DNA sequence: GGAACGTTATGCGGTTTTGGTATAACGCAT
DNA sequence: ATGCGTTATACCAAAACCGCATAACGTTCC
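Chains as they are written, first to last, in the numbering used here: chain A, 1137 to 1252; chain B, 1137 to 1252.
See the structure below:
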């Protein structure tokens, strides 16, 4: 190592775009995953530490861009309502997880250790 | 190919952080490079299609976080003034370029071609 | 020596985007 | 019917953004 560590760290991320606009990334993956676990948009938002409003607008924006439903919502009913993932959302989650896993592994091995 | 192309594209980027805060990435690299080429913050901003104000605040923020000068400015003088890159900025540019080249090559080969 | 010029540097309103709170709608259980 | 907790939306505040305007500066030209 000829370079002294200056504290600069290399970071990177991967996401999905549609027509040049971001549509799915780390934060959205976490959100969908928590909705699947908790069965509630509200609970998922709380657990992520973001306001419900933000979680809802995330979902709304994703669905509008993708053109198919990600979260099937039921308002009212037992417990006030609930939300589950659509089959397409589950599939997307699975594929993105695999993609991210490969990406992170590659990046960690080759780049993240670098110092400037 | 079992999947039909839905238009979703995989994208990724790499950048540098200091204390968990982003400090240098693609946009800043372009900016510094254009300043080196044109010898002017103003001209660089124009060429990037961003307001001078924004370019200036980019540089200011970077320098404050890094703790050393990136752009040596001279206001007044022949042509009204000029700006050149500090040796440290040139070094940073070179290192980041190399890093990005490796990163992009790897990503293009392994991920960008994927379709969802 | 003085005015002009183009650049750096900074301030200021108006505009748009984002965030958070408050409120309505809903439907099962009691 | 009433209560409850959720989804959904309206509304206002806060923050980021943009463009314009202005000042400071030093060489060049007259």
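Idealized CB from N, CA, C, for every residue including glycine. Everything numeric in this text was worked out from a predicted model, so none of it was measured.
Restricting to runs no shorter than 3 residues, where is the beta strand (DSSP E) found entirely within the segment 1157 to 1186 of chain A? 1157 to 1160
Spatial neighbours of residue 1243 of chain B within its chain, please: C-beta separation below 6 Å, excluding the five flanking residues on both sides. The residue given as residue 1243 of chain B occupies position 107 in the second chain. Around residue 1243 of chain B: 1148.
Give the residues from the segment 1141 to 1155 of chain A that approach chain B closer than 9 Å (Cβ to any Cβ), ordered along the chain. 1142, 1143, 1144, 1145, 1146, 1147, 1148, 1149, 1150, 1151, 1152, 1153, 1154 and 1155
Under 8 Å between the Cβ atoms of residue 1232 of chain A and residue 1231 of chain B? Taking the first chain and counting its residues from 1, one reaches residue 1232 of chain A at position 96. Taking the second chain and counting its residues from 1, one reaches residue 1231 of chain B at position 95. No. Outside cutoff.
Pick helix, strand or coil for residue 1206 of chain A, following the three-state DSSP scheme. Translated into the one-based positions of the first chain, residue 1206 of chain A becomes position 70. Of the three classes helix, strand and coil, the one that applies to residue 1206 of chain A here is coil, per DSSP.
At the 8 Å Cβ level, is residue 1246 of chain B part of the contact set with chain A, yes or no? Here residue 1246 of chain B refers to the residue found at position 110 when the second chain is read from its first residue. Residue 1246 of chain B counts as touching chain A.
Let me see if you follow: with CB-CB separation under 8 Å, is residue 1198 of chain A close to chain B or not? Locating residue 1198 of chain A in the first chain gives position 62, where the first residue counts as 1. No, residue 1198 of chain A lies away from the interface with chain B (no Cβ there is under 8 Å from its Cβ).
Short check: CB of residue 1152 of chain B to CB of residue 1145 of chain A, under 8 Å? Here residue 1152 of chain B is taken as the residue at index 16 of the second chain, counted from 1. Here residue 1145 of chain A is taken as the residue at index 9 of the first chain, counted from 1. Yes. Within cutoff.
Partners in chain A for residue 1184 of chain B, counting only beta-carbon separations shorter than 9 Å: Looking up residue 1184 of chain B in the second chain gives position 48. By Cβ distance, chain A contributes nothing, its closest Cβ being about 18 Å from residue 1184 of chain B, past 9 Å.
CB-CB under 7 Å to residue 1237 of chain A, same chain, minus the five flanking residues each way: which ones, in chain order? Residue 1237 of chain A sits at position 101 when you count from the first residue of the first chain. So the list is empty, once near-sequence residues are dropped.
Buried or exposed: residue 1204 of chain A, going by 16 or more other Cβ atoms within 10 Å of its Cβ? Locating residue 1204 of chain A in the first chain gives position 68, counting from the first residue. Exposed, because fewer than 16 other Cβ atoms sit within 10 Å of the Cβ of residue 1204 of chain A.
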